[in-house]
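First residue of the sequence shown? That's 1 in UniProt numbering, and the numbers climb one at a time after it. Glycine included, every Cβ here is placed at the ideal spot set by N, Cα and C. Report on the structure given below.
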Amino acid sequence: MILPSNRLLLFIALLGIPLFTLLGMQDIPGAAIAIAAVLVLLTLALDAPSALESIRALRVTLPDMTRTSKGRELEIEAVVENPGLRCKLLRIGLPFPRELDCEKPILEFTLKSNTERNLAKWKVRAIERGRLIISQCYLEGTSRFGFWHGRRTVKVNAEIRVYPDLSRERNVLAPLFFRKGAIGVHNVRQIGKGREFEQLRSYVPGDSYDDIFWRGTAKHRSPITKMFQLERTQQLYVAIDASRRSARALDVPGQDAEAGIVAKTQLERFIQAALVLALAAEQQTDKFGLIIFSDTVHRIIPAGGGRGHYDVIRDVLYTLEPRVVSPDYEDAFIHIGNRLRHRSLLLFLTDLGEPWLAEQFVDGVEFIARKHVVLTHMLGQREIQPMFQRGDDVKDDDALYGKLAGQMLWNDLQDTTRVLKQRGVHLTSSLQENLVADVVSEYLKVKKRQLL
């Protein structure tokens, strides 16, 4: 595409007006003015092709893969190759997706005259997580005399992966769990003698009858005792509910909301909690697995460890989005019962705010609670609390009805908690700013008490 430049418009304004003025004078021959106009138009016509010719051979290369975290600033660097040094002045722009904030998406600079390789750099900020693709680059060159601009679209292939930001969670947990900014959890003192079988030995007076291996005793015709050790490796699975309830918006402070650096939905907080738990499990030498479900089970990643396994977990979670469907807990419990053979800790991150969903969860969770240790965690709301607490200030009828609704929802939640406790399932509700710390604390309590 060829477009007129500001220089051309200014040139026509300065030259065209005097020519038309002279054309109206009788003393000036019209043939001379016509010849001058033809020469000007011919010059402009001959100059036009050079606008596209200057950028036709340009090649643009972007990094194939760029990784960053939400809220972080990054620099995207493009390599512009100018074969033959034909292009002198270049404008280059990238169509950044809305998840990337760039103050200056179009750059204008003079290409080097002594080398074909040039660099163009954009400073951007990632405001949303996800997998972002930049597939086009726009170039604009200038003709030889500067009267025309030539524009061209170049195909590129750049992938930008924006992961959830865990810096705040690490800062919150640092006093309790992390050492000097490193990603690591302190070793947890475990209570008891352990339940993991180690070896057999002959009976020694004082051994508990509960530890006697009766089948081996009958075979050897002498008492045989089983020896146990503390569990070194346990399996932790986090089950994330990605249904419609996980899309509920959270209360975000105004400054953070404008910056776009904090979680705005329940699902984002669930993802952050899962990633921090994966790091905590790695430092406790436990295996971490992931379950994603909504109206069906979308993904089950078997428990594992190591940096490579954490990268797999992170790559699955950073593109996860809520679905406009209701959760099917029964289907999730059936898949878990069929796939998980070893006794594990199951931590469900879900929302039981609707009574019929809570009833469905209660009816089905007993199927897996017989074999596994099941914890359930949900995000609470400040409005859901008992009435007439200290500091309550009810100014009008609307506020009173709001308090009453919060009391009723709180009663339903207490009933659900009590019924789940009878089935061996612990339900905890946390405010969004305390979710990550609370789920890690629950995990460490299970480790300490050796419930597995």
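Exposure of residue i, with buried meaning 16 or more beta-carbon neighbours within 10 Å
{"i": "T285", "result": "exposed"}
{"i": "N157", "result": "exposed"}
{"i": "W122", "result": "buried"}
{"i": "V79", "result": "exposed"}
{"i": "T233", "result": "exposed"}
{"i": "L357", "result": "buried"}
{"i": "P302", "result": "exposed"}
{"i": "L200", "result": "exposed"}
{"i": "M378", "result": "buried"}
{"i": "R269", "result": "buried"}
{"i": "A126", "result": "buried"}
{"i": "N118", "result": "buried"}
{"i": "I160", "result": "buried"}
{"i": "E169", "result": "buried"}
{"i": "R129", "result": "buried"}
{"i": "V162", "result": "buried"}
{"i": "residue 454", "result": "Given a span of 1 to 452 for the chain in the structure shown, any question on residue 454 remains unanswerable."}
Distance, residue j Cα to residue i Cα
{"i": "K70", "j": "V297", "result": "27 Å"}
{"i": "E359", "j": "L413", "result": "11 Å"}
{"i": "T376", "j": "S430", "result": "11 Å"}
{"i": "G353", "j": "I55", "result": "59 Å"}
{"i": "A31", "j": "L15", "result": "17 Å"}
{"i": "Q422", "j": "P322", "result": "31 Å"}
{"i": "D64", "j": "G84", "result": "26 Å"}
{"i": "L340", "j": "Q450", "result": "19 Å"}
{"i": "L62", "j": "L400", "result": "59 Å"}
{"i": "G93", "j": "Y138", "result": "5 Å"}
{"i": "N338", "j": "L409", "result": "34 Å"}
{"i": "T110", "j": "K88", "result": "6 Å"}
{"i": "E136", "j": "A57", "result": "For the sequence presented, residue 136 should be read as Gln rather than Glu. In a straight line, the C-alpha of Q136 is about 16 Å away from that of A57."}
{"i": "L444", "j": "V276", "result": "13 Å"}
{"i": "T115", "j": "L166", "result": "42 Å"}
{"i": "I35", "j": "N6", "result": "25 Å"}
{"i": "R151", "j": "L132", "result": "25 Å"}
Coil, strand or helix - residue i by DSSP
{"i": "G84", "result": "helix"}
{"i": "I271", "result": "helix"}
{"i": "Q234", "result": "coil"}
{"i": "P4", "result": "strand"}
{"i": "P302", "result": "strand"}
{"i": "S167", "result": "helix"}
{"i": "D315", "result": "helix"}
{"i": "I55", "result": "coil"}
{"i": "E282", "result": "helix"}
{"i": "residue 459", "result": "Lying outside 1 to 452, the shown extent of the chain, residue 459 is not represented and no answer is given."}
{"i": "L100", "result": "strand"}
{"i": "L320", "result": "coil"}
{"i": "T66", "result": "strand"}
{"i": "E71", "result": "Inspection of the sequence shows that residue 71 is occupied by Gly rather than by Glu. Of the three classes helix, strand and coil, the one that applies to G71 here is coil, per DSSP."}
{"i": "R343", "result": "coil"}
{"i": "S202", "result": "strand"}
{"i": "L9", "result": "helix"}
{"i": "R248", "result": "coil"}
Range covered by the alpha helix (DSSP H) that runs through residue i
{"i": "Y443", "result": "L435 to R449"}
{"i": "I134", "result": "First-last for I134: G130 to T142, but that is the beta strand (DSSP E), not the alpha helix (DSSP H)."}
{"i": "G406", "result": "D397 to Q422"}
{"i": "H426", "result": "First-last for H426: V425 to S430, but that is the beta strand (DSSP E), not the alpha helix (DSSP H)."}
{"i": "I334", "result": "Y329 to R339"}
{"i": "V373", "result": "Looking at the DSSP string, V373 is not in any alpha helix (DSSP H); the run it does join, the beta strand (DSSP E), is V373 to L379."}
{"i": "I384", "result": "Element bounds for I384: n/a, residue is neither H nor E."}
{"i": "I368", "result": "P355 to A369"}
{"i": "T217", "result": "W214 to H220"}
Same chain, Cβ closer than 8 Å to residue i, five either side skipped, listed in chain order
{"i": "F11", "result": "F147"}
{"i": "I334", "result": "F367"}
{"i": "H426", "result": "V374, L375, T376, L420 and E442"}
{"i": "L320", "result": "I240, A242, L267, I271 and I292"}
{"i": "V316", "result": "L290, I292, R299 and I301"}
{"i": "R274", "result": "The residue asked about is misnamed: residue 274 is Ala in this sequence, not Arg. The residues are V238, I240, L290, I313, L317 and L349."}
Near the ligand FMN: residue i beta-carbon under 7 Å from a heavy atom
{"i": "V446", "result": "Absence of the ligand FMN is noted for the structure shown, with no ligands found whatsoever."}
7 Å Cβ shell around residue i - same chain, five flanking residues per side excluded
{"i": "R59", "result": "E81"}
{"i": "Y329", "result": "Q360, F361 and G364"}
{"i": "V325", "result": "S243, R244, S294 and D295"}
Own chain residues within Cβ distance below 6 Å of residue i, not counting five before or after
{"i": "R86", "result": "S54"}
{"i": "E75", "result": "K121 and K123"}
{"i": "R248", "result": "Q266"}
{"i": "Q432", "result": "L250, R269 and L379"}
{"i": "L3", "result": "H149"}
Range of the contiguous beta strand (DSSP E) that encloses residue i
{"i": "E108", "result": "I106 to T110"}
{"i": "N118", "result": "R117 to A126"}
{"i": "K287", "result": "K287 to F293"}
{"i": "G206", "result": "Looking at the DSSP string, G206 is not in any beta strand (DSSP E), and its letter there is neither H nor E."}
{"i": "L89", "result": "L89 to G93"}
Residue i at chain B interface by Cβ criterion, 8 Å
{"i": "D210", "result": "Absence of chain B from the displayed structure is noted, only one protein chain being present."}
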